[in-house]
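Residues in the sequence shown are numbered consecutively from 1, following UniProt numbering.
Quick reminder that beta carbons are idealized off the backbone N, C-alpha and C, glycines included.
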Amino acid sequence: MPHRSSCEGCCQYVSFSLPMVILEIGMLPDEEQSATLRPLEQNEEHVDEVHCSRERSRTAWNIIEEHLLPFMEIENYEVSTQCRLHPNNDLFRDQEQHKIHLDINHWQCGYCRKSFRAEKFLDKHFDNRHSNLLNVSHGKCLADLCGALHCDLKMDIKSRKSKCKPAAAARNKHLCESLADSCFPINEGPSANRLHELFLHQFCGAHSCTGKQKPFSRGAARQPGIFYMASSILILMLLPIFYVIVYLHRRESRNGIEVLKRISKAGRKSKPL
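Written as structure tokens, this is what we have:
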């Protein structure tokens with residue numbers, strides 16, 4: 001009998017506690033709910049496992065966008081879909097384009113309009129709720145090009161001081177040169193030829209342990225635009241001060257002339273006849 005009453009007490013406790021747990025989960029923020037409910041959702045729907053780093057893919061695309069696309073725009077050149085640098089070959093490109101950054105601590109999902117405090121929570125939301133939108137069958141992962149594009153340099157400044165491995169540098173240089181050949185064939189005209197040469201200098205030349213050439217040696221074509229904007233803002237801030245100084249100087253000059261005129265008139269009146 002005591003054993004039976006103990007079991008009944010356990011059942012009552014579980015039946016009482018379960019609704020409270022569900023209620024507490026419902027009160028969590030969206031990003032925390034996603035992390036809590038993720039195992040349940042994975043059992044409901046089987047999704048192909050993604051073996052591609054979202055963070056490194058994002059870094060690779062940022063490098064392409066900053067250090068390559070501006071030069072392609074100048075040349076009015078478009079790479080083919082066979083080029084691994086093409087946006088269609090970025091597994092996460094569509095999801096990245098569905099990120100809405102409303103404020104510093106306000107991110108929104110472009111698919112379902114849920115809000116999050118940070119980008120990392122939105123990334124988890126994509127993994128948990130919208131991973132079915134990823135086409136993982138083609139096996140395209142932009143992060144695989146990180147060795148050629150110097151992603152580690154962008155992601156971690158300390159990597160500059162790490163010891164260079166000749167074998168790894170040779171592999172990355174080979175991958176880099178193959179990207180230059182496939183994306184900018186030199187037999188496709190002057191624009192492709194110039195971009196081929198630029199790509200070699202911008203990315204491939206630095207894959208060496210000699211340290212003679214740095215990556216992104218051609219810089220970013222968008223930097224002059226940023227410099228122009230900063231200069232314009234500075235000029236607009238200094239322009240009112242300049243006009244105030246000019247106004248005060250001219251006013252003082254007029255006052256000085258009027259004083260001289262008064263002195264001159266007073267001198268003429270004081271002369272004897």
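Does the ligand NAP have a heavy atom nearer than 7 Å to the CB of V246?
No copy of the ligand NAP occurs in the structure displayed, which carries no ligand at all.
Taking the CB atoms as reference points, tell me whether F184 and H201 lie closer together than 8 Å.
It is not a contact, given that the beta carbons lie outside the stated cut-off.
Starting from the Cα of A192, find the closest Cα among E75, H51, N128, F126 and give me that residue.
When E75, H51, N128, F126 are compared, the shortest CA-CA separation from A192 is found for E75.
If I measure Cβ to Cβ from C176 and keep anything under 7 Å in the same chain, skipping five residues before and after, which residues do I get?
Its chain contains A148, F203, C204, H207 as the residues whose beta carbon lies nearer than 7 Å to that of C176, once the 5 sequence neighbours on both sides are disregarded; these appear in chain order.
Exposed or buried, what is L236 when buried is set at 16 or more other beta-carbons lying within 10 Å of its beta-carbon?
Classification for L236: exposed.
Could you spell out where the alpha helix (DSSP H) holding Q95 opens and where it closes?
From DSSP, the alpha helix (DSSP H) with Q95 extends over 93-97.
How big is the Cα-Cα spacing for K99 and R54?
Taking the straight line joining both Cα atoms gives about 13 Å.
In or out: N172 buried (at least 16 other Cβ within 10 Å) or exposed?
Classification of N172: buried, given that the 10 Å Cβ count is 16 or more.
Kindly indicate which residue of I186, A60, S57, G110 has the alpha-carbon position closest to the one of Y77.
Scanning I186, A60, S57, G110 for the CA closest to the CA of Y77 turns up I186.
Can you check DSSP and say which residues form a bridge with Q82?
When beta bridges are read from the DSSP output, Q82 appears opposite no residue.
For R129 and D123, what's the separation of their Cα atoms in angstroms?
One C-alpha to the other measures close to 10 Å.
In chain order, what residues of the same chain have a beta carbon less than 6 Å from the beta carbon of L68, not counting five sequence neighbours either side?
Close CB contacts of L68 within its chain, under the 6 Å cut and outside five residues either way in sequence, are absent.
Find the nearest neighbour of T59 within the set H86, H150, F126, judged by alpha-carbon distance.
The residue with the shortest Cα to Cα distance from T59 is H150.
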